[in-house]
Structures are given as C-alpha cells and as structure tokens.
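Below is one structure; the comments refer to it alone.
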C-alpha cells in the first residue's frame with residue numbers, strides 16, 4: 001500500500017482524537033476531509049489531487065457547515081451571567097426619572113435602575129441592558145408579559 005494511505009488514515013485518527021478532547025468542532029472537518037483523500041490514495045491518484053481534495057473539502061466544511069452546526073449545538077446553551085437578565089421583567093420599588101436612578105426588584109435582589117422616562121413605583125419594567133451594577137429598563141404594561 002502507498003504511504004499516503006497511512007498518512008490520511010493518521011490524519012483522520014488524530015483529527016477525531018483531537019475533536020473528542022477539545023469539542024470545538026474544528027478538527028472534525030479535517031477528519032471528514034481526510035476520508036476522500038484516503039480513498040484517492042487507495043486507488044493511486046497522484047498526491048497533488050489528494051491534497052487539493054483535502055483542502056477544498058476542509059474549507060467548504062469549515063466555512064459553510066461549521067456555523068450552522070455550531071448554531072444548532074449552542075442553541076441549548078444557558079446563559080449564566082448578567083446577560084441572561086436582558087429581556088426579563090422586574091418591579092420598580094423606587095420611582096425612576098430621567099435625571100435620577102431608581103430601584104427595581106429582580107430575582108429577590110434590589111438593583112439600581114435607570115431609564116429615559118419616568119417610571120412610577122410598583123410598575124413593571126423590562127430589562128434592556130446591564131451597565132456595571134445598573135439595569136437599564138423600560139416600562140411595560142401588564143398585558144405584554146408572556
């Protein structure tokens with residue numbers, strides 16, 4: 001057997017092994033691209049064709065399918081930091097005005113909140129962003145809560 005058969009088999013095994021270790025969805029595409037090159041080596045196609053096939057398939061897989069696969073796998077990811085607060089509802093405990101911050105209660109904690117409109121105490125607000133230790137909010141009506 002040609003030495004390139006063993007090279008492509010080695011690339012395949014190393015790429016799959018590295019993918020299992022890293023789980024970053026990078027090296028799996030090289031493993032997949034090594035398969036057609038391995039087949040070409042088995043039927044004694046010249047090396048430059050094997051390399052071209054490997055390069056083209058690797059690039060296509062990385063640039064076209066990786067973003068789609070990442071989106072599918074990352075869909076179930078749960079946010080664990082304050083970015084997860086965005087879009088949630090809080091209750092105003094101290095009136096907020098455009099010139100003065102107020103207070104809101106969110107998940108059993110009191111947060112400083114700012115808004116570009118006046119929002120009275122006991123109003124429901126939607127969290128738009130988090131800036132440092134302040135929530136940026138806007139008032140919502142009771143009917144718009146999911």
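In the UniProt record's numbering, the protein residues as written are 1 to 146. Glycine included, each C-beta is placed from N, C-alpha and C at the ideal position. Everything numeric in this text was worked out from a predicted model, so none of it was measured.
In this structure, the CA atom of residue 130 is about 50 Å from the CA atom of residue 8.
Of the other Cβ atoms in all chains shown, 16 or more fall within 10 Å of the Cβ of residue 40; this residue is therefore buried. In this structure residue 135 is buried. Its beta-carbon is surrounded by 16 or more other beta-carbon atoms within 10 angstroms.
By the C-beta criterion, the segment 81-89 is judged not to be in contact with the segment 38-53, since fewer than 3 inter-stretch pairs fall below 8 Å.
For residue 136, the enclosing beta strand (DSSP E) stretches over residues 134-140. Ranked by Cα distance from residue 132, the first of 138, 30, 82, 118 is 82. Ranking 62, 120, 93 by CA distance to the CA of residue 24 puts 62 first. Fully contained in the segment 16-61 are the following alpha helix (DSSP H) runs of length 4 or more, in chain order: 27-42, 47-60. When C-alpha distances from residue 110 are compared across 118, 92, 53, 48, the shortest belongs to 92. Shown here, residue 87 sits in coil according to DSSP, grouped into three states, outside any helix or strand. The Cβ atoms of residue 27 and residue 54 lie no closer than 8 Å to each other.
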